[in-house]
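Encoded as structure tokens, the structure appears first; notes follow it.
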Amino acid sequence: MIEAEWPGQIGVCEPRRVAAISLANRVADETGTLVQGEAVGYAVKFDACANKPKIKYMTEGILLREMMSDPLLKSYSAIMLDEVHERTLYTDILMGLMKKILRKRPELRLVVASATMDAKELYEFFNNSHMRDKSKDTAVILSVKGRQFPVNMFYTMEPVPCYVQKSVETALKINLSKESGDILIFLTGQEEVDRAVRLLKEHATNIEQADKKEKMFILPMYGSLPYHEQLKVFKSAPDGYRKVVVATNVAETSVTIPGIVHEDYLPKLADSTPPEIIRTKLTYAVLQLKALGISNILKFKFPSPPPVQNLRSALEILYALGAIDINGELTKPLGFHMAEFALDPLYSKVLLSSGDFGCSEEILTIISMLQVETVFTKPSSGSFAVKARIQKRLFEVEEGDLITYLNVFNGFISSEMSQGFCHKNFINYKSMRRVVEIRSRLEKMLKNYDVPIVSCGGLTEMICKCLVTGLFPNAAYLHYSGVYKTVRGDIELFVHPDSVLYTIPQPQWVLFCEVMHTTKLFMRDLTVIKSDWLLELAPHFYHKTTHKEF
DNA sequence: GAGCACTGC
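Each residue of the first sequence is one higher than the one before, counting from 1 in the UniProt record's numbering.
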């Protein structure tokens, strides 16, 4: 074990929650200690270890957050960044911050672990190799040969007509064989996982009823499952049962589910995507760097510098939201509170102003609904597809998708969160449970910030106005040519066919939550607004002269 | 009438 002369903690950052939790479990198991004990623990959002374990596994955002109260990470003597080859936004930001910290704390040990051969680039980044004095270099490259866990893989040699069916059959075959060990099946999406789980459960029930000894314990695993259900895969199956986990690729990398020795395999695509930081919106990341006291974002050393224009527009939006002042300083309390939310700043702004509009109950619901994939299921069979469409109409309103979501949620709550309600209305029950979880967390945060939790009781205009206070950068107007355009930049946008506004006469002004770039630029999750509201509620961003339409 | 999935705070 780690001895006393090792003064601080060892922090290991993983890009995904399940990875952090499963590694902590694994290491605790190997060292014969309890997870979340003194030696080994983990911290992910909403589920942190209470003590300070010697080895702490966490998601990247957690370490970033810890830096807000402990900027030099003094409680750690070593930090490991794992899976760096994935180059998530947070990996890059953490590497930039660690470089700064290392200058002030040369005794801190940093291990950067990557599965690919980008070592040279990272080596140069941490060594300041542009400087002439190489003797000051402190980074070294260590190579570790990969070691595989003994796992039996099953490939199908030929294409199979239905691989969901086939994987279920394979699992059943393994289950009847003499070999012991748990089974992990990978499929491509949530729907497939649910289908496979249903099939397997039928078999499992039959086995139990026939009182055979090959009992199975079936568990699904995918991202939009409520958190407490995700954690079930890490527990061992009851005595006498073989655990069968059916997963999407949530679990594909860096996850070790204890006991798994059989894997179904789907080929992984070559990892060639450029770092997230150079192609994504930086509003939230810049907000967090500001919260860490990085005053000059444009001078911050990123391993892969994002386009300056992206940084500038992030700063401009944060200013217009009121999160930073004219000097680029985080505002108190608004900017600091916005940095605390694990949400797009446009959404956290809407939440924080919802008390003033007397509609925080409704806004909490809407923002929570936006955190999950669509709750409407899309049956593939014809007659059910028509029925689903008819049921969805019952919730639809002319104000747009967001108020429609509000109606769905309220219906779900009135039904006492019944599965029957979801079934009848073609709504995903598990997603709705997750929305309920998220909503109660956000509500707690609003209460902490003394935002009154109040309902406007059906005054949808107040809700729509409140949405403008944060979503104003996402406003579009109907051009006389019949397509929508952004107010700034005149970019052509189209209503997505999934929107409730798709089939009704096009309103003059809308807010969108997201743009999807597929065959065209499609706006999703729309709300109808009035142009006056933009002038009234976002004067920094829109002036009367900005566009003739005003 | 569109259309891969997944993740993180």
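Beta carbons: idealized from backbone N, C-alpha and C, even for Gly. Note that the structure is a prediction, hence the values are computed from the model and not measured.
- Taking C-beta separations shorter than 6 Å and ignoring five residues to either side along the sequence, the partners of Met95 in its chain run Pro303, following chain order.
- The residue among Ser440, Thr527 and Tyr42 with its C-alpha nearest the C-alpha of Arg17 is Tyr42.
- When secondary structure is reduced to three states using DSSP, Arg434 falls in the helix class.
- For Val408, no beta strand (DSSP E) run applies; the uninterrupted alpha helix (DSSP H) run containing it begins and ends at Asp401 to Ser414, by DSSP.
- Under the Cβ criterion (8 Å, minimum of three pairs), the segment 359-369 counts as touching the segment 431-440.
- Within the UniProt domain "Helicase ATP-binding" (1-135), the complete beta strand (DSSP E) segments of 3 residues or longer fall at 9-14, 40-44, 55-59, 76-81 and 109-112, listed in chain order.
- Boundaries of the alpha helix (DSSP H) harbouring Lys201: Gln190 to Gln209, taken from the DSSP string.
- Under DSSP, no beta-bridge partner is assigned to Ala538.
- Taken through DSSP and simplified to helix, strand or coil, Leu351 comes out as helix.
- If you check the CB distance, Phe357 and Lys465 come in under 8 Å.
- By the Cβ rule, the segment 416-435 counts as touching the segment 374-391, because three or more pairs are nearer than 8 Å.
- In this structure, the CA atom of Asp344 is about 15 Å from the CA atom of Met445.
- Contact between the segment 407-414 and the segment 455-464 is absent: fewer than 3 CB-CB pairs across the two stretches fall below 8 Å.
- Between Met58 and Gly11, the C-beta spacing is below 8 Å.
- Restricting attention to Val27, Lys45 and Asp82, the CA atom closest to the CA of Ile55 is found in Val27.
- Looking at the DSSP output, Pro220 sits in a beta bridge with Val246.
- In terms of Cα proximity to Leu501, the closest of Asn206, Glu396, Leu364 and Gly240 is Glu396.
- In the displayed model, Asp450 falls within coil according to three-state DSSP, outside both helix and strand.
- Here the alpha carbon of Pro307 sits roughly 14 Å from the alpha carbon of Leu89.
- Shown here, Asp137 sits in coil according to DSSP, grouped into three states, outside any helix or strand.
- Here Met417 is exposed, its C-beta having fewer than 16 other C-beta atoms within 10 Å.
- Annotation: the continuous alpha helix (DSSP H) that includes Val286 extends over Thr283 to Ala291.
- In this structure, Ala50 lies away from His85, with their beta-carbon atoms at least 8 Å apart.
- The beta-carbon separation of Leu292 and Pro71, rounded to 7 Å, stays under the 8 Å limit for a contact.
- In terms of Cα proximity to Ile185, the closest of Lys178, Glu202, Val164 and Ser177 is Val164.
- The straight-line gap separating the alpha-carbon atoms of Phe336 and Gly240 is approximately 52 Å.
- Apart from sequence neighbours up to five positions away, the residues of its chain that approach Leu537 with a beta-carbon distance below 8 Å are Lys465, Val468, Thr469 and Phe472, ordered along the chain.
- Looking at the backbone, the Cα of Lys215 and that of Ala24 are separated by about 28 Å.
- Around the beta-carbon of Gly457, fewer than 16 other beta-carbon atoms lie within 10 Å, marking it exposed.
- In the DSSP assignment, no residue is bridged to Phe300.
- The segment 476-494 makes no contact with the segment 380-393, as fewer than three CB pairs between them are under 8 Å.
- Taking Glu399 as the centre and dropping the five residues before and after it, the same chain places the C-beta of Thr460, Cys464, Thr527 and Val528 closer than 7 Å to its C-beta, in chain order.
- Counting along the chain, Val468 sits inside the alpha helix (DSSP H) bounded by residues Thr460 to Leu471.
- Counted as a single uninterrupted DSSP element, the stretch harbouring Glu179 is not any alpha helix (DSSP H), since DSSP gives it neither H nor E.
- Excluding its 5 nearest sequence neighbours in each direction, Val193 has C-beta neighbours in its own chain below 8 Å: Leu187, Pro220, Met221, Tyr222, Val246, Ala247 and Thr248, listed in chain order.
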